[in-house]
Every structure is written in structure tokens, then in C-alpha cells.
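Undergrad: Chain order of the listed sequences is A and B. Be aware that the first sequence starts at 1, since it is given in my numbering, and climbs by one per residue. Be aware that the second sequence starts at 1001, since it is given in my numbering, and climbs by one per residue.
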Amino acid sequence: MNTFASPLVQAARPTSRAMPWRPLAAAAVLLVLVLALLRASGQPVDTFLTVAAAALAGLVVGALHDPAATLLATVPVPIAHRRALRLTLVCVPVLTLWWMLTLVAGPSSASHGPGPLMALAASGVAVAVWMPSQRGVLVGVSVPLAWYALDQLVPWTGVAADVSGWWRTDPWSVTACAVLLLVAGRRR
Amino acid sequence: MTALASTSTGVAVRRRDVDVVRALALVEARRMLRNPLLWIGAGLSLWALWSAVPNPEAWAGAAYQETPVAIVPFVLAVSVVVAISFHRERVPVAGAAPIGETERSVARLVAATPLVVLAVGISAFTAWRQRDVGGLTLGVEPGRTAEALFSFGELAQPVALTVLAVGIGAALGRRTPNLVSAVPLLFLLWLATSIYWLLGDHRVTPFSIVQAQPVSLYAGPSSADPLTFPAHWLLAAPDEFSTQWTRAFVSDGLAWWHALWLLGLALLWLSVALPRPARRSLIILGATLAVLGVGGQYVVLP
């Protein structure tokens, strides 16, 4: 097996055991419940799906929080690999949940692709990686939530309105920029 | 003599506890009030309340229904600020502190009192703004008013929601292993409560968190003559979302019972946050208030 992948495969199970899954499970229950209620009462679901994207993106970024980070700093596996492992472990259930939510939401005029979720999550992860302090992950978690709030709650006009809506209107470009930032900061 | 000595010692201990709780509460209150998130949330809520005015292009009652939801940014901020405070209980050295967790938790709750006072201020602002614009519109002719104002019960809702926000923030802050999990959950919880177009449904409203009156009730089929409905009913005409005449039901009593339901929920959440000795009584009291609140709402709803 690849010398880079082997330690990560071995670390996958203990890492997944150490990650907090209850918040994601609680979010999943709440999301499915509210969407089912909306669907049953024939109400529009698109607005709530944007809320779901922001909250799930926050939870994805939160997976970077590693209480044992200081202890693991001395092991020969690079920090970028450890982060990638945690993100992979959390992205699989989150994307499955997103797919389930789109099924519960049913057909709609708007697209329900995972683009906005990926854009918000990638932006949060990029900020978390580049933030120098120990609070980097908390700041990164706040990025998707703050971006949602800036877009949906503040009455921007003109260029500001366009920029604040990029995560919805042009999610894959935002994701690509965030991934470039992540690659640049892979040793941080 | 021994009895007298033990009584005076007990009084001294109690006074010392009160002093300690007061001192801790002052420190915590200062920390909470200095958090910029609180003021950003309050600013967004005030801006939303300022903007909730009758708009001829929107549906009748839009401003009235949007007003209760305007408090959501503020209560989300309150929850996060309280969660940060209660999360400090998870620092390992807290267990070795010279006073117990119960006293520290009580101090944190006392420290949250200014946040409830802020909510009272936001309610007062709502009442003033509605009078300033000459009232809000509700319903369509022949069941219509252009001078609708929130009742005391509806104005009490932001205060009750703030108490609930303190409870939820305390529970998630104390029990989640890290704040990075608690913050997205709080965001989701509060944003989910702001879907007012769902909460106005009469089947959902007794259990809703943010109650957005008027509640939609069946009045008659689309072919019905609206002049045959009782004169005091506020009405919504058939449209793309409804194929029937709907009664827009507004009630002060419903709002008060809903506030009781929210207080019950707040106590239940607090029971999760506080240590064991206080837990059982909070659960009993919270469950009683919540059941009474839901029951009362069903009694009021026609």
C-alpha cells in the first residue's frame, strides 16, 4: 500500500472514534424533521435548505478540532494529512445527509446540489487553517454561519450584494479558491 | 448557646455564598456584555424590526408575521454568549475551585439577567415602532384592519424567547465537548424556528418556538361569500398557497400560554445544564409549565 495512505488508513478508525458525532446526529434529526414538516404542509423548502447548508458546513469545519493536536504534533504524519483524514471522515456522512435532505425536500424549481455546502465548508476550512491562534477552528466554524448571515440578513445593494451571494450563485469558483488557499497553507 | 452559634455560622456562610455569587455574576455579566456578537445580534434584530412596516406590494399581514421572527438574530447571539460562559465549566481546573458548580452556575444565570433586560428593551422598541407607523395591516376586506398592534402577550414573547435562549445556550455550552460543535447547532436551532410560514399553521403553532400570529384557520370554501362570516373575523382570501377562505386568528391569551410553554422549555434545558441537586425540581416544574402552556394554547385555539 502507498506509504502515505497506509498510516492514514490505520488511523481512520481511532480518529473516527475520537470525533464527536452526536452534534451531527442531532443536526440530522432536526433537519429531517423540519424538512418533513415543511413538505407535509406544502410549504417552500429552498430557504431552509440554505440554512441547512450553512449549519452543515459549520459542522464540517468543526471536525478539524482535534483535542489531541498538541500530542500528535510530533508524529511523522503531516498535519495536512491528518486534517484531510478528519475532513474525509466527516464529509462522507454529511454529503449522504445532504442527499437524503434533497430527497425529503422533493422536486423544486431551484437546484439542490451540494455546491453551496461545499463552498461554505471549504471557505471555513481555509480560514481555520490560516488562522494563527488556537481559536482558528472556532473562527473557521463561524465563517459559513457569518457568510450566511451577511448574505441573508443584511440588506446589501450593488457589488456587496453580489459578493455576499457568491456562495450560492458561484459555489464551485468559491470552492476552487478556498482549495487553492488550503493547498498554499498545507504546512501551517 | 450551641444552637445560637450554629445559626449565626449558617447565616455567615449564606451571606458569604451570596457575596461570592454576586462577585462571579458581575465578572460573567461584564464578559457577556463585552462580547461584540451580542450587539451585532441586537443590531440586526432592531434593524429587522425597524423594517417591518406595511408594504402594499407584500401580502396583507406580512409585516405582522415577520415581526416576531426579527428577534432571532438577538436570541441566537444570547445563546452563543451564554454557551461560551457555561463552556468554561468544562475547563478541568473548575472542579478544584473553592465553590461548587451549583453556585457558579447560579452566578452565570444571574449574569444573564442583563440580556433579558435587553430583550425587554427590544419589546419596548417594537411597541413604539408599531405605534410610530400607525399600526400594521392584517387581513383582507371585509375582515381587515390597518391598525393592528401587538398585544402584551405578543410583546412578552421576545423576553420569553431570551429566557429560552439562555437555557439552550447553558445546556449546549455545558454539555457539548467543544464550542465548535455547539455554535453550528445553535445556529441551526434558532434559524429553524424562524420559518414563520410553517409556524402559522394551527397544527404546529402550539409547539412552535417563535409563534408568528395570526394563526391560519379554515373559514370556508373558496366559493363562500366572505360577508357571511362573523364581522369580527380577520380574513385571508384564497390565493396560490390556499384554495379556501382562511381566518387570521390573533389572540393575546394564545400568546401568554405560548410564553408559558417557552418558560417550561427553558427550565427543561436548564435542567440539562445544572448539576444534579437542582435537576429533578427543574424537570418537574419545566414539564408542568410546558404541558400547561400547550394545553392552554389548545383551549384558546378555536
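Beta carbons: idealized from backbone N, C-alpha and C, even for Gly.
Please report whether the beta-carbon of A26/A lies at a distance below 8 Å from any beta-carbon of chain B.
TA: Counting from one through the first sequence, the residue named residue 26/A turns up at place 26. True, the Cβ-Cβ gap to chain B drops below 8 Å.
Undergrad: Going by beta carbon distance, what residues of the same chain come within less than 8 Å of A1273/B, once the five residues before and after it are set aside?
TA: To locate residue 1273/B, count along the second sequence from 1; it is residue 273. F1086, S1105, G1167, A1170, A1171, G1173, R1174 and R1175, listed in sequence order.
Undergrad: Return the first residue and the last residue of the alpha helix (DSSP H) that A1077/B is part of.
TA: Position 77 of the second sequence, counted from the start, is the residue given in the question as residue 1077/B. Run containing A1077/B: V1072 to H1087, per the alpha helix (DSSP H) assignment.
Undergrad: Quick check: what's the CA-CA separation for V1159/B versus G1293/B?
TA: To locate residue 1159/B, count along the second sequence from 1; it is residue 159. To locate residue 1293/B, count along the second sequence from 1; it is residue 293. Cα to Cα, the separation comes out at about 16 Å.
Undergrad: Going by alpha carbons, who is nearest to A122/A out of P7/A, R168/A and L181/A?
TA: Taking the first sequence and counting its residues from 1, one reaches residue 122/A at position 122. Taking only the C-alpha atoms, the option nearest A122/A is L181/A.
Undergrad: Is it right to say W156/A is buried, meaning 16 or more other beta carbons lie within 10 angstroms of its own, or is it exposed?
TA: Position 156 of the first sequence holds residue 156/A. Exposed, by the Cβ-count rule.
Undergrad: Could you tell me which chain A residues have their CB closer than 7 Å to the CB of F1074/B, listed as they occur along the chain?
TA: Within the second sequence, residue 1074/B is the residue found at index 74, counting from 1. Within chain A, no residue comes near F1074/B; the closest Cβ sits about 12 Å away, beyond 7 Å.
Undergrad: Strictly below 9 Å CB to CB, what residues from chain A border D1201/B?
TA: The residue you call residue 1201/B lines up with position 201 of the second sequence. Contact annotation for D1201/B against chain A: L37, S41 and Q43 [CB-CB distance below 9 Å, chain order].
Undergrad: Do V1180/B and V141/A count as a contact pair if the criterion is CB distance below 8 Å?
TA: Numbered from 1 along the first sequence, position 141 holds the residue referred to as residue 141/A. Numbered from 1 along the second sequence, position 180 holds the residue referred to as residue 1180/B. Yes, the pair counts as a contact, with Cβ atoms nearer than the cut-off.
Undergrad: On a Cα-Cα basis, can you pick out the residue from L1282/B, T1205/B, G1220/B and W1190/B that is closest to P1214/B?
TA: Sequence index remark: in the second sequence, residue 1214/B carries index 214 (1-based). The shortest C-alpha separation from P1214/B is found at T1205/B.
Undergrad: Ignore the nearest five residues each way along the sequence and tell me which others in A178/A's own chain have a CB closer than 6 Å to its CB.
TA: Position 178 of the first sequence, counted from the start, is the residue given in the question as residue 178/A. Taken in chain order, the residues that qualify are A122, S123 and A126.
Undergrad: If you check the beta carbons only, do F1074/B and L145/A fall under 8 Å apart?
TA: Counting from one through the second sequence, the residue named residue 1074/B turns up at place 74. Counting from one through the first sequence, the residue named residue 145/A turns up at place 145. No, the pair does not count as a contact, with Cβ atoms beyond the cut-off.
Undergrad: At which residue ranges does the segment 127-168 of chain A contain complete alpha helix (DSSP H) runs of 4 or more residues, listed in the order of the chain?
TA: Here the runs fully enclosed are 136-153 and 159-164.
Undergrad: Tell me the rounded alpha-carbon separation between D170/A and F1249/B.
TA: Counted from its first residue, the first sequence places residue 170/A at position 170. Counted from its first residue, the second sequence places residue 1249/B at position 249. Taking the straight line from one Cα to the other gives about 42 Å.
Undergrad: Between V1163/B and E1103/B, is the Cβ-Cβ spacing less than 8 Å?
TA: As a working note, residue 1163/B is residue 163 in the second sequence. As a working note, residue 1103/B is residue 103 in the second sequence. For V1163/B and E1103/B, no; Cβs fall outside 8 Å.
Undergrad: State the DSSP-derived secondary structure class of A1146/B, mapped to helix, strand or coil.
TA: Mapped onto the second sequence, residue 1146/B falls at position 146. Three-state DSSP puts A1146/B in a strand.
Undergrad: Cutting at 6 Å between CB atoms, please list the residues of its own chain near P1221/B, excluding the five before and the five after it.
TA: Locating residue 1221/B in the second sequence gives position 221, where the first residue counts as 1. Cβ within range, chain order: Q1244.
Undergrad: Taking only the alpha-carbon atoms, compute the straight-line gap between T1288/B and V1116/B and give it to the nearest angstrom.
TA: Position 288 of the second sequence holds residue 1288/B. Position 116 of the second sequence holds residue 1116/B. Computed Cα separation, rounded: 23 Å.
Undergrad: Using a Cβ-Cβ cut-off of less than 7 Å, list which residues of the segment 118-140 of chain A approach chain B; keep chain order.
TA: V137 and L138
Undergrad: Does the beta-carbon distance from V1300/B to G1264/B come in below 8 Å?
TA: As a first step, residue 1300/B is located in the second sequence; it is residue number 300 there, counting from the start. As a first step, residue 1264/B is located in the second sequence; it is residue number 264 there, counting from the start. Cβ atoms of V1300/B and G1264/B: not closer than 8 Å.
Undergrad: Using only the alpha-carbon positions, how far apart do L95/A and A119/A sit?
TA: Taking the first residue of the first sequence as position 1, residue 95/A is located at position 95. Taking the first residue of the first sequence as position 1, residue 119/A is located at position 119. Near 13 Å, if we compare the C-alpha coordinates of A119/A and L95/A.
Undergrad: Residues of chain B with a CB under 8 Å from the CB of S142/A: which are they?
TA: In the first sequence, residue 142/A corresponds to position 142, counting from 1. In chain order: V1183.
Undergrad: Looking at the structure shown, is R1247/B part of a helix, part of a strand, or coil, going by DSSP?
TA: The residue labelled residue 1247/B in the question sits at position 247 within the second sequence. If DSSP states are grouped into helix, strand and coil, R1247/B belongs with the strands.
Undergrad: What did DSSP end up calling L120/A once you bin it into helix, strand or coil?
TA: Position 120 of the first sequence, counting from 1, holds the residue named residue 120/A. Three-state DSSP puts L120/A in a helix.
Undergrad: With a threshold of 7 Å on Cβ separation, who are the neighbours of Q1130/B within its own chain once the five nearest residues in sequence on each side are excluded?
TA: As a first step, residue 1130/B must be located in the second sequence, where it is residue number 130. The residues are L1136, L1149 and F1150.
Undergrad: Work out the CA separation of G1100/B and M1001/B for me, nearest whole Å.
TA: The sequence position of residue 1001/B within the second sequence is 1, counting from 1. The sequence position of residue 1100/B within the second sequence is 100, counting from 1. The predicted position of M1001/B is uncertain, since its pLDDT is 47 and thus under 50; a value taken from the coordinates is nonetheless stated next. Near 30 Å, if we compare the C-alpha coordinates of G1100/B and M1001/B.
Undergrad: I'd like to confirm the pairing. Which residues does DSSP put opposite L1138/B in its beta bridges?
TA: On the second sequence, residue 1138/B is found 138 positions in, with the first residue counted as 1. For L1138/B, which the question treats as bridged, DSSP gives the partners T1145/B.
Undergrad: Alpha carbons only, please: which of E1057/B, P1036/B and L1109/B is nearest the one belonging to A1023/B?
TA: Taking the first residue of the second sequence as 1, we reach residue 1023/B at position 23. Checked all of E1057/B, P1036/B and L1109/B; the closest Cα to A1023/B is L1109/B.
Undergrad: Against chain B, does A55/A count as a neighbour if the rule is that its beta carbon must be under 8 Å from one of theirs?
TA: Along the first sequence, read from residue 1 onward, the residue named residue 55/A stands at position 55. Yes, contact with chain B.
Undergrad: For the segment 1025-1070 of chain B, which segments carrying the alpha helix (DSSP H) assignment without a break, of at least 4 residues, lie completely within its bounds, in sequence order?
TA: 1036-1051 and 1062-1069
Undergrad: Is there at least one Cβ from chain A nearer than 8 Å to A1192/B's Cβ?
TA: For the purposes of this step, residue 1192/B is taken as residue 192 along the second sequence, with counting starting at 1. At least one chain A Cβ lies under 8 Å of A1192/B.
Undergrad: Assuming A128/A contacts V61/A (C-beta within less than 8 Å), just tell me the rounded distance between them.
TA: Mapped onto the first sequence, residue 128/A falls at position 128. Mapped onto the first sequence, residue 61/A falls at position 61. With 8 Å as the limit, A128/A and V61/A qualify as a contact, their Cβ atoms being about 6 Å apart.
Undergrad: Sort out for me which residues DSSP pairs D1201/B with in a bridge.
TA: By 1-based counting over the second sequence, the position of residue 1201/B is 201. BP columns for D1201/B point to S1216/B.
Undergrad: Examine chain B for any beta-carbon lying closer than 8 Å to the beta-carbon of V92/A, and answer yes or no.
TA: Your numbering for residue 92/A matches position 92 in the first sequence. Not one chain B Cβ lies under 8 Å of V92/A.
Undergrad: Is the beta carbon of A1052/B less than 8 Å from the beta carbon of T1067/B?
TA: Stepping through the second sequence from its first residue, residue 1052/B is reached at position 52. Stepping through the second sequence from its first residue, residue 1067/B is reached at position 67. For A1052/B and T1067/B, yes; Cβs fall inside 8 Å.
Undergrad: Is it right to say P14/A is buried, meaning 16 or more other beta carbons lie within 10 angstroms of its own, or is it exposed?
TA: One-based indexing of the first sequence puts residue 14/A at position 14. Its Cβ having fewer than 16 others within 10 Å, P14/A is exposed.
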